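Undergrad: I have a structure I would like to understand better, so I am pasting it below and will then ask my questions one at a time.
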Amino acid sequence: MDNSTSVVINGTQTALRTDGNSLIRFTFLVDFIFISLYFITLMFQAFFSMRAFRDSVHYVLFAHMLLIDTIQFLMTVILTMFIALLFTIPVPVCSLLIFISFVTYLSTPLNLAVMSLERYVAICFPLRHAEICCIERSWIAMMAIWITGSAPSIAENILLRVLVRKSFFSTNVLCMREFITVTSAQTTFMFVVQIFMLVLVAMTILYTYIKIMLEAKKVSVDKTSVSKARKTVILHGAQLSLCMLSFIFPLTDSVLKELSTWLWHNLTYINFLIFVLFPRFLSPLIYGLRDEAFRNSMKKFLPCYTSRIIPTRLNVT
């Protein structure tokens, strides 16, 4: 018997099969989750361990991105597990979980745009950087990110409440977007929102990169700082590309469906890991390990870490 379930998360679809191979896939998934959470915990510990990190807008925005990606990662895992176990939940709870998942999905690229703008201000307006990019304004920027990311989902939920009967919200369903999508207008609206957000962020990152490159041609600027800022903006572009991998997932999944049933059920699992879970874990990890100060702070919380003690020579007279 071929028992399979179709999973739709953030517009991406995967199939989980309940057969003998599920144990191996489930074990690997659990190991990956625990390893990911371990490194995420290390990064949070590193951030909160030093006041210099907490007082820097650059690191505060990074920690905010780490928080967003962690929530998105956990929501993806929870929704996938619910569907794999055929666990039904009330519609309001399902709507809330999908709402959180989609809001964090949109907030990551928006956070990348803000981080790129912060680097742009640091290089192009160094004398006003401390004034413009202060901690107080970073909280305003983060609030704006959450409001902007929430607006499309709030509009969709209002539309849902208008289109369906009240009895619909008292039923239990498998928590998939398909079950709370009652019209094609919802699908089109959310797709347009995703494309618009990603294009807007891509244009912002490209703009900041070009402005930093132009600033680098000036003789009076600090070449080292400009080079670091340019590499940081390039990294933000790479992180945005990782966010966009979720758009590739449905395309690769449709190609895999043309293969045999056995191949599709096994390869779609790998497809799900590569294009949905891995990007959310790798994006903040790469960013954190690239920063020397943050990397050194993370090392202090590793079980195998030993601080280097440099012996001093005593002058004996």
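The numbering used here applies: residue 1 is where the sequence shown begins, and numbers increase by one. The C-beta atom is built at its ideal place from N, Cα and C for all residues, glycine as well. For clarity, every value in this text was computed on a predicted model and none was experimentally measured.
Is it a yes or a no for the segment 133-150 touching the segment 57-66, going by three-plus beta-carbon pairs under 8 angstroms?
TA: The segment 133-150 vs the segment 57-66: in contact.
Undergrad: Excluding the 5 residues preceding and the 5 following S107 in the sequence, name in chain order all residues of the same chain whose CB lies nearer than 7 angstroms to its CB.
TA: The residue given as residue 107 occupies position 107 in the sequence shown. Correct list, in chain order: I68, I145, W146, G149.
Undergrad: Name the residue from L29, V114, R51 whose alpha carbon lies nearest to the alpha carbon of M81.
TA: What you label residue 81 is simply residue 81 of the sequence shown in a count that begins at 1. M81 has its Cα closest to that of L29, out of L29, V114, R51.
Undergrad: Output the distance between the C-alpha atoms of S170 and R25, rounded to the nearest integer angstrom.
TA: Within the sequence shown, residue 170 is the residue found at index 170, counting from 1. Within the sequence shown, residue 25 is the residue found at index 25, counting from 1. Taking the straight line joining both Cα atoms gives about 34 angstroms.
Undergrad: Consult DSSP for T171 and reduce its assignment to one of helix, strand or coil.
TA: For the purposes of this step, residue 171 is identified with residue 171 of the sequence shown, where counting begins at 1. Reduced to three states, the DSSP call for T171 is coil.
Undergrad: Give me the DSSP bridge partner(s) of I89.
TA: Taking the first residue of the sequence shown as position 1, residue 89 is located at position 89. Answer by DSSP bridge pairing, in chain order: V173.
Undergrad: One question on the structure: do M176 and I83 come within less than 8 angstroms of each other, judged by their Cβ atoms?
TA: Indexing the sequence shown from 1 puts residue 176 at position 176. Indexing the sequence shown from 1 puts residue 83 at position 83. For M176 and I83, yes; Cβs fall inside 8 angstroms.
Undergrad: Can the beta-carbon of V164 be found closer than 8 angstroms to that of V182?
TA: Counted from its first residue, the sequence shown places residue 164 at position 164. Counted from its first residue, the sequence shown places residue 182 at position 182. The answer is yes: Cβ separation under 8 angstroms.
Undergrad: Give a yes or no on contact between the segment 150-162 and the segment 117-126, applying the rule of three or more CB pairs nearer than 8 angstroms.
TA: The segment 150-162 is not in contact with the segment 117-126.
Undergrad: Under a Cβ-count criterion, where at least 16 other Cβ atoms within 10 Å of its own Cβ denotes burial, should C94 be classed as buried or exposed?
TA: By one-based count along the sequence shown, residue 94 stands at place 94. With 16 or more Cβ atoms within 10 Å of its Cβ, C94 is classed as buried.
Undergrad: Measuring CA to CA, which of Y209, S283, P284, S36 is closest to C124?
TA: Within the sequence shown, residue 124 is the residue found at index 124, counting from 1. Measuring from the Cα of C124, the nearest candidate turns out to be Y209.
Undergrad: Ignore the nearest five residues each way along the sequence and tell me which others in F47's own chain have a CB closer than 6 angstroms to its CB.
TA: One-based indexing of the sequence shown puts residue 47 at position 47. Hits under 6 angstroms: F53, A63.
Undergrad: Among the residues of its own chain, which have a CB less than 7 angstroms from the CB of M50, if the five just before and after it don't count?
TA: To locate residue 50, count along the sequence shown from 1; it is residue 50. Cβ within range, chain order: S297.
Undergrad: Considering only C-alpha positions, which residue in the set F87, F73, A113 is nearest to L235?
TA: If you number the sequence shown from 1, residue 235 lands on position 235. Closest option to L235, Cα to Cα, is A113.
Undergrad: Rounding to the nearest angstrom, what Cα-Cα distance links L37 and K217 in this structure?
TA: For the purposes of this step, residue 37 is taken as the residue at position 37 of the sequence shown. For the purposes of this step, residue 217 is taken as the residue at position 217 of the sequence shown. Between L37 and K217, the C-alpha separation is close to 42 angstroms.
Undergrad: Is it buried or exposed, A141, if we count other Cβ atoms within 10 angstroms and call 16 or more buried?
TA: To locate residue 141, count along the sequence shown from 1; it is residue 141. With 16 or more Cβ atoms within 10 Å of its Cβ, A141 is classed as buried.
Undergrad: Does the Cβ-Cβ distance between I180 and I98 come in under 8 angstroms?
TA: One-based indexing of the sequence shown puts residue 180 at position 180. One-based indexing of the sequence shown puts residue 98 at position 98. Yes, the pair counts as a contact, with Cβ atoms nearer than the cut-off.
Undergrad: Could you tell me if C304 is buried or exposed, where buried requires 16 or more neighbouring beta carbons within 10 angstroms of its beta carbon?
TA: Taking the sequence shown and counting its residues from 1, one reaches residue 304 at position 304. The residue is exposed, with fewer than 16 neighbouring Cβ atoms inside 10 Å.
Undergrad: For C94, does the three-state DSSP call read helix, strand or coil?
TA: Here residue 94 refers to the residue found at position 94 of the sequence shown. Looking at C94 - three-state DSSP - the assignment turns out to be helix.
Undergrad: Measuring straight from C-alpha to C-alpha, what distance separates Q186 and V77?
TA: Walking along the sequence shown from the start, residue 186 turns up at place 186. Walking along the sequence shown from the start, residue 77 turns up at place 77. Answer to the nearest angstrom: the Cα atoms are 24 angstroms apart.
Undergrad: Evaluate R290 with the Cβ neighbour count: other Cβ atoms within 10 Å of its Cβ, from every protein chain shown; 16 or more gives buried, anything less gives exposed.
TA: Translated into the one-based positions of the sequence shown, residue 290 becomes position 290. Exposed, by the Cβ-count rule.
Undergrad: Considering only the beta carbon of each residue, do P284 and L242 sit closer than 8 angstroms?
TA: Numbered from its first residue, the sequence shown carries residue 284 at position 284. Numbered from its first residue, the sequence shown carries residue 242 at position 242. Not closer than 8 angstroms, so no.
Undergrad: Would P109 and L240 qualify as a contact pair, given that the criterion is a beta-carbon distance under 8 angstroms?
TA: Residue 109 sits at position 109 when you count from the first residue of the sequence shown. Residue 240 sits at position 240 when you count from the first residue of the sequence shown. Yes, Cβ-Cβ distance for P109 and L240 is below 8 angstroms.
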